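**Q** My structure is below; once you've seen it, I'll send some questions.
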Amino acid sequence: EYLLSYLQASNMDHSVDTYNAFLFLYSSVFSGREILLSKVDFILRLLEEMSETNCKFKPTSKTWSAVLKAYSAVVGQEVLPSSPLKERALQMAIDVFGKLENMDGEGGLELSDDCYFHMMKCISNLMEEDEH
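All letters in the sequence shown, in the order written, are residues 62 to 193 by my numbering.
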């Protein structure tokens, strides 16, 4: 959180790629922990706010791939397979992927192989076995 606050307060040049790195980092560091979804949501809200005034903060395919990766990493140490957080993460992944499918090609946003891969991981990790 300190580095994010510093980036926002400083005149240091950064872009959506900086926040993509945070998303990938969070999906590793907070894998299986309840805090993961709130961390991802925080980054997405920041990007949304900043992209209103500066297009270099507009989420890219890489951003959405990182988001889907984070959602796929929810279940684990603190989040049990029976947790409602698991269902929430799955629904969020479905919503994001649906949005991406509808936007494919618009504004330079393309569904990447990584987006498909991480959505498959969401299905594998978050859906009940009999729902696959």
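Idealized CB from N, CA, C, for every residue including glycine.
From a predicted model like this one, the values you see are computed outputs, not experimental measurements.
Quick one: residues in its chain with C-beta nearer than 7 Å to the C-beta of K100, no 5 flanking neighbours on either side, listed in chain order?
**A** Taken in chain order, the residues that qualify are Y87 and F91.
**Q** Could you tell me the boundaries of the alpha helix (DSSP H) in which F91 lies?
**A** Segment: none, F91 is in no alpha helix (DSSP H) and carries neither H nor E.
**Q** Compute the beta-carbon to beta-carbon distance between T124 and N72, rounded to the nearest angstrom, for a pair I have assumed lies under 8 Å.
**A** Not quite, the Cβ-Cβ distance comes to about 23 Å (not below 8 Å), so this is no contact.
**Q** Can you tell me which of L161, M111 and R94 puts its alpha carbon nearest to the alpha carbon of Y132?
**A** Nearest of L161, M111 and R94 to Y132, Cα basis: R94.
**Q** Compare the C-alpha of L172 against each of T114, V157 and E139 and name the closest.
**A** Nearest C-alpha to L172: V157.
**Q** Who are the near neighbours of S126 in its chain, counting only those whose CB is closer than 7 Å to its CB and skipping five residues on each side?
**A** Cβ neighbours of S126 beyond the five flanking positions: S173, D175, C176 and H179.
**Q** Measure the CB-CB distance between L151 and M181 and report whether it falls below 8 Å.
**A** Cβ atoms of L151 and M181: not closer than 8 Å.
**Q** Using only the alpha-carbon positions, how far apart do E113 and D74 sit?
**A** The alpha-carbon atoms of E113 and D74 are separated by roughly 17 Å.
**Q** DSSP on M181, reduced to helix/strand/coil?
**A** Reduced to three states, the DSSP call for M181 is helix.
**Q** Could you give the first and the last residue of the continuous alpha helix (DSSP H) run that contains Q69?
**A** It spans Y63 to A70 - the alpha helix (DSSP H) in which Q69 sits, taken as one unbroken run.
**Q** If you measure between the beta carbons of K130 and V77, is that distance less than 8 Å?
**A** No, the Cβ-Cβ distance between K130 and V77 is not below 8 Å.
**Q** If I follow the unbroken alpha helix (DSSP H) through K117, where does it start and stop?
**A** Taken as a continuous stretch (DSSP letters only), K117 belongs to no alpha helix (DSSP H), as it is neither H nor E.
**Q** Could you give the distance in angstroms between the alpha-carbon of F103 and the alpha-carbon of P142?
**A** Rounded to whole angstroms, F103 to P142 spans 24 Å at the Cα level.
**Q** Give me the residue from E167, V135 and E162 with the minimum Cα distance to C183.
**A** Taking only the C-alpha atoms, the option nearest C183 is V135.
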